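Encoded as structure tokens, the structure appears first; notes follow it.
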Amino acid sequence: IIGPFPKWAGTLQKQLVEYNLKTGKIPPKFMTYGLIQSSREWDNFFKEKFMEFSKINNNITYISSQDYLCNKKGCLTIIGDSMTDISAVDWGHLTINGSIYLGKKIGNLIFN
Numbered sequence: 035i036i037g038p039f040p041k042w043a044g045t046l047q048k049q050l051v052e053y054n055l056k057t058g059k060i061p062p063k064f065m066t067y068g069l070i071q072s073s074r075e076w077d078n079f080f081k082e083k084f085m086e087f088s089k090i091n092n093n094i095t096y097i098s099s100q101d102y103l104c105n106k107k108g109c110l111t112i113i114g115d116s117m118t119d120i121s122a123v124d125w126g127h128l129t130i131n132g133s134i135y136l137g138k139k140i141g142n143l144i145f146n
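In terms of the working numbering, the sequence shown is numbered consecutively and its last residue is 146.
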């Protein structure tokens with residue numbers, strides 16, 4: 035089971051534009067601006083519950099997408115060097131490139 039993706043207030047695009055307008059800077063690759071913290075809280079909740087459940091049924095594995103899409107600086111906003119190559123298409127669904135990025139990070143956990 036793959037846990038919830040990071041969620042953005044409104045859309046990630048909106049947060050990137052607002053960040054730029056507010057700070058005058060290009061948004062960073064990882065940021066917390068506009069990030070809804072409850073998505074991390076839900077991820078932690080599911081992680082804990084599935085750890086308990088996996089003691090009963092070890093055929094189930096929980097993969098935290100946020101462990102791979104986020105770090106101490108925030109969550110991934112931009113995949114490449116272009117501002118058009120964003121990680122999420124809306125408030126919480128990954129773009130194709132965002133999905134490829136995550137797939138490369140967790141593929142070995144799924145297919146082994």
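From the three backbone atoms N, C-alpha and C, an ideal C-beta is built for every residue, glycine too. From a predicted model like this one, the values you see are computed outputs, not experimental measurements.
Reference Y135, options D124, I144 and G114, closest by Cα: Here residue 135 is taken as the residue at index 101 of the sequence shown, counted from 1. Here the closest residue by C-alpha is G114.
The alpha helix (DSSP H) enclosing L103, as first and last residue numbers: Position 69 of the sequence shown, counting from 1, holds the residue named residue 103. Note, L103: alpha helix (DSSP H), S99 to L103.
Collapsed DSSP secondary structure at K41 in the structure displayed: Start at 1 with the first residue of the sequence shown, and residue 41 comes out as number 7. Of the three classes helix, strand and coil, the one that applies to K41 here is strand, per DSSP.
Option nearest K48 by Cα separation, candidates I35, L69 and G37: As a working mapping, residue 48 is identified with position 14 in the sequence shown. Selected option, being the one with the closest Cα: L69.
Supposed contact pair Y102 and I140 - C-beta distance, whole angstroms, cut 8 Å: Against the sequence shown, residue 140 aligns to sequence position 106. Against the sequence shown, residue 102 aligns to sequence position 68. So it is a contact: roughly 6 Å between Cβ atoms.
Proximity below 7 Å, CB of G132 to CB of S121: Counted from its first residue, the sequence shown places residue 132 at position 98. Counted from its first residue, the sequence shown places residue 121 at position 87. Yes. Within cutoff.
Rounded straight-line distance, which links the Cα of M85 to that of Y67: To locate residue 67, count along the sequence shown from 1; it is residue 33. To locate residue 85, count along the sequence shown from 1; it is residue 51. Spanning the two alpha carbons is a distance of roughly 30 Å.
Backbone secondary structure at M117 - three-state DSSP: Position 83 of the sequence shown holds residue 117. Coil, per DSSP.
Residues bridged to F87 [DSSP beta-bridge criterion]: Indexing the sequence shown from 1 puts residue 87 at position 53. According to DSSP, which records beta bridges pairwise, F87 is partnered with nothing at all.
Per DSSP, cross-strand counterpart(s) of I94: Position 60 of the sequence shown, counted from the first residue, corresponds to residue 94. Paired residues: none, contrary to the question.
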